[in-house]
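2 protein chains.
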Amino acid sequence: MENCFALKGNIIWSRTPQALVFAPQHYAVCENGACAGVFAQLPERFASVRVEDLGQRLILPGFVDLHLHAPQYRNAALGYDMELLEWLDALTFHEEARYGEEAYARSAYHAFTQALLCTPTTRACVFATAHTRATLLLMEMLEQSGLETYVGRVNMDRNAPPELAEKDAAWALEQTEDWIERSLARFHRTKPILTPRFAPSCTPELLAGLGALRKRYQLPVQSHLCETIPEIEWVRSLFPDCADYASVYERFGLLSGDTPTIMAHCVYLSDCERQRVKNAGVFIAHCPSSNTNVSSGVAPVRSFLDDGMRLGLGTDVAGGEALNLLREASHAVSVSKLRRVLLGGKEGAVSMDEALYLATRGGGAFFGSAGAFEPGFVFDAVVFDDERLRPAQELTLRQRLEKLFYLGDEREVQAKYVGGRRVL
Amino acid sequence: MENCFALKGNIIWSRTPQALVFAPQHYAVCENGACAGVFAQLPERFASVRVEDLGQRLILPGFVDLHLHAPQYRNAALGYDMELLEWLDALTFHEEARYGEEAYARSAYHAFTQALLCTPTTRACVFATAHTRATLLLMEMLEQSGLETYVGRVNMDRNAPPELAEKDAAWALEQTEDWIERSLARFHRTKPILTPRFAPSCTPELLAGLGALRKRYQLPVQSHLCETIPEIEWVRSLFPDCADYASVYERFGLLSGDTPTIMAHCVYLSDCERQRVKNAGVFIAHCPSSNTNVSSGVAPVRSFLDDGMRLGLGTDVAGGEALNLLREASHAVSVSKLRRVLLGGKEGAVSMDEALYLATRGGGAFFGSAGAFEPGFVFDAVVFDDERLRPAQELTLRQRLEKLFYLGDEREVQAKYVGGRRVL
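In the order they appear, the protein sequences are chains A and B.
According to our numbering, the first sequence is numbered sequentially starting from 116.
According to our numbering, the second sequence is numbered sequentially starting from 116.
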């Protein structure tokens, strides 16, 4: 059979947030880029497919990073004794300004793309900068990598350093539309996403224009929401006639629509905002490493899960220190425990199983049917060789997964498939 | 000159908790196992010493792990959806019981020792089990490794599974004394330390006997104190005539004395306990990873530092998931930030510089003069090759240190010296 193959090994994926499936020595079958199912024995109709026997290795769905900043990759792990707004001014904006220079952008984005390729991530939603040329360069590299991504040219027309600020809303919108047209014409697996950086860096005119572009091009949206208290207060002073932070995006048609919106962080949603975020079908990108590093706080992910909100993980590099979503997922568990024990409430912690769900199927839903080995889902798979983590030790599959979860990194990623195509 | 050499490179160490010294392209001189100083140019008297030029590498003092459990190494990263007391019963005690079997102990302790050798750690205080033979085996391996350690044969004569519990206090004390004699006779850099596991697993008779052994042999002590609320309540019910947890150790002469005591965790010291712990000169082993993984809480390390308490870091493997003290130190920063932001108090966060201090000089003080490149200190050094962490990037020394701090692991450890002797 053409375009059909099977991976044999120890296959693990999330059926629900709480139900992890362990399928030892099973076959995951890929047919035309999609998962045809996971089987203990190959069914008759797949009897002749090519089987790659991966022995005792672990095979998980591809991981999905709902929020990261490509031009901050070089700044990973820098400046974490600062808090968010100070850190943005001192480090982030300065670094992003350099992407106006093509040679710099080319070299830095190449390093970023290669690094991302080596992680367990198969799909990602990425912030670039307002530099159209550099953004297209990044998209070209991501397209070549085989990863599936959304990339946003980042809009800022105020409260940004002069090297980064777009000169006015009209210019920004014209440039953005030009970039959208060019991206749609050039790339297949690298898609444009509307990306107002965050409310404080955009004028109402710019936000309104982006809302119009959303309708015209039917594009999804990504931005930041309720990351820190000082940021929320700043938004209130900039948009005095909006009731709260979420209503800024709502007013301009950027929260709900026919296409989904990702809002990173959501650490401090009010009850009212939370209900509207849920009703709008917004995907929350939970970024525990970043929220820790720049002292933002801990989002109430346990209750987001209990409420059935749409939710995935974001490394938020360079607020987060690493592109490794295993690390991010284990941090999601850690910060939920500290939130529980420090706040002393009844809200439980997030389990490993749930964090793995968020890292795969939770975020995968943004891409349609992704992040699980269910029939009809895109065939994204990561093959982990966890030999380093269990020298001469007999462990159950669950225990091996636990060691991978807390200790695994790119050293364990042995192969990676995106939509049935091997990319690593 | 005999027994004298210099390492040339980028030398970094803590002068105080807040003052990190950066000495780019300096010489750290070792004379008879001790640091003779760090110099921009080699002084005349060292003009003829052998110089190892380490180019652009980073040279830091050896790291000191004040608290870890060697027989739990295999359990690292397992069972972290449980809380402390449940986790001890379900996983830890079961694993430790296996060290009664010599072949198992030999293989597992070998893996542990090799792994520890590859980390930045040069000195450590280690819990073994109550098995004398296995404990001596571990000490033999650590002696061979060249690391400087204290190792404790762990006493438990109640509230332990039958395979681990010593049959009564008299037997436990006799065995412990025999083990002390044998250790003192056999090893030079691997020293015995009295190790009542924690108050709940020891009868008053056993604790009293250990207090007597402390005086007789002038040995230091290590144990656990105020790790979780349920544990504190348990201690109260077991020792109804002791005012608090710390007073159990005080009563039996195990908190203060001519030799120092290490108490791991101290997450929930009362104000009164805290003052007594300080007055007794106890070293607190702060174990942020463990306190997170088994949901214990966050120790008030910022205020411990401000109060000038004696303080270092412990990986507490397997409550902690990794032997890497860089990771532990970055977790010390992270949990302090979350404590600050979640509790909303005025207590600040712990900075990177302070966490590095704790990981080196803070814990090093337990070993005398260790953990810094100051004249007269033992010459413990770790050479880090951080090339992986800064592909084609120009960074300041501080920025390189930041990347190492948040992202470094055993891959970066290129060489290691303990008391002037190269061990890796």
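Just so you know, even glycine gets a beta-carbon here, dropped at the ideal spot from N, CA and C.
Remember, predicted model here, so these are calculated numbers, not experimental data.
Quick one: what does DSSP say Pro490 of chain B is sitting in, helix, strand or coil?
-> coil
Please say whether Leu232 of chain B and Leu253 of chain B have beta carbons closer to each other than 8 Å?
-> no
Nearest-angstrom beta carbon gap, Val153 of chain A and Arg238 of chain A [assumed within contact, 8 Å] | 20 Å between Cβ atoms; not a contact.
Any idea what DSSP makes of Asn147 of chain B, helix, strand or coil?
-> coil
Output yes if chain B places a C-beta closer than 8 Å to the C-beta of Leu193 of chain A; else output no.
-> yes
Which same chain residues, not among the five before or five after Phe492 of chain A, have their C-beta less than 7 Å away from its C-beta?
-> Ala149, Cys150, Ser484 and Ala485
Hey, how far is the Cα of Leu457 of chain A from the Cα of His209 of chain B?
-> 30 Å
Expressed to the nearest angstrom, what Euclidean distance is found between the alpha-carbon atoms of Met424 of chain B and Phe481 of chain B?
-> 13 Å
Secondary structure of Phe302 of chain B, DSSP reduced to three states | coil
Neighbourhood of Tyr332 of chain A by C-beta, 7 Å cutoff - its chain only, sequence neighbours within 5 removed = Ile295
Spell out whether any CB of chain B is found under 8 Å from the CB atom of Leu420 of chain A.
-> no
Specify the secondary structure class of Pro186 of chain A as computed by DSSP and reduced to three states.
-> helix
With a floor of 4 residues, list each alpha helix (DSSP H) that falls wholly inside the stretch 316-346 of chain B, ordered by position along the chain.
-> 319-332
From what residue to what residue does the alpha helix (DSSP H) around Asp421 of chain B run?
-> Val416 to Asp421
For chain B, find out if any of its Cβ atoms is closer than 8 Å to the Cβ of Ala507 of chain A; answer yes or no.
-> yes
Under the three-state reduction of DSSP, which class applies to Gly362 of chain B: helix, strand or coil?
-> Reading off the sequence, residue 362 of chain B comes out as Ser, not Gly. Ser362 of chain B falls in the helix class under three-state DSSP.
Excluding the five sequence neighbours on either side, which residues of its own chain have a C-beta within less than 7 Å of the C-beta of Asp422 of chain A, listed in chain order?
-> Lys393
Of the residues that make up the stretch 125-157 of chain B, which ones have a beta carbon closer than 8 Å to any beta carbon in chain A?
-> none
Stretch-stretch touch, CB-based, cutoff 8 Å, three pairs: the stretch 180-187 of chain B with the stretch 242-258 of chain B | yes
Can you name the start and end residues of the alpha helix (DSSP H) that Leu309 of chain A belongs to?
-> Looking at the DSSP string, Leu309 of chain A is not in any alpha helix (DSSP H), and its letter there is neither H nor E.
Proximal residues to Asp272 of chain B (C-beta, below 7 Å), its chain only, five neighbours per side dropped = Ala280, Glu281, Asp283, Ala284, Ala287, Cys317, Thr318 and Leu321
Rounded straight-line distance, which links the Cα of Tyr224 of chain B to that of Gln290 of chain B | 21 Å
Sort B:Gly460, B:Glu443 and B:His303 by Cα distance to Leu473 of chain B and report the nearest one.
-> B:Glu443
Under 9 Å Cβ-Cβ, which residues of chain A neighbour Ala444 of chain B?
-> Those within 9 Å of Ala444 of chain B in chain A number zero; the least Cβ separation is about 12 Å.
Give the residues of chain A in contact with Met467 of chain B, contact being defined as C-beta atoms less than 9 Å apart.
-> Tyr195 and Asp196
Which one or two residues does DSSP pair with Lys393 of chain A in a beta bridge?
-> Bridge partners of Lys393 of chain A: none, in fact.
Expressed to the nearest angstrom, what Euclidean distance is found between the alpha-carbon atoms of Tyr360 of chain A and Ile344 of chain B?
-> 39 Å
How many Å lie between Asp468 of chain B and Arg513 of chain B at the Cα?
-> 10 Å
In terms of residue numbering, what span does the beta strand (DSSP E) encompassing Lys282 of chain A cover?
-> No beta strand (DSSP E) contains Lys282 of chain A, which DSSP labels as neither H nor E.
Please decide whether Tyr521 of chain B counts as near chain A, where near means a Cβ-Cβ distance under 8 Å.
-> yes
With 16 other CB atoms within 10 Å as the buried threshold, where does Pro176 of chain B fall?
-> buried
Report yes if the C-beta distance between Thr234 of chain A and Glu525 of chain A is below 8 Å; otherwise report no.
-> yes
Nearest to Gly412 of chain B (by Cα), restricted to the options B:Cys402, B:Ser418 and B:Leu420 | B:Cys402
In angstroms with no decimal places, state the Cα-to-Cα distance between Ala400 of chain A and Arg221 of chain B.
-> 46 Å
When the cut-off is 8 Å and only beta carbons count, does Thr407 of chain A lie next to chain B?
-> yes
Apart from the five residues on each side of it in sequence, which residues of its chain come closer than 8 Å, Cβ to Cβ, to Gln171 of chain B?
-> Gly124 and Asn125
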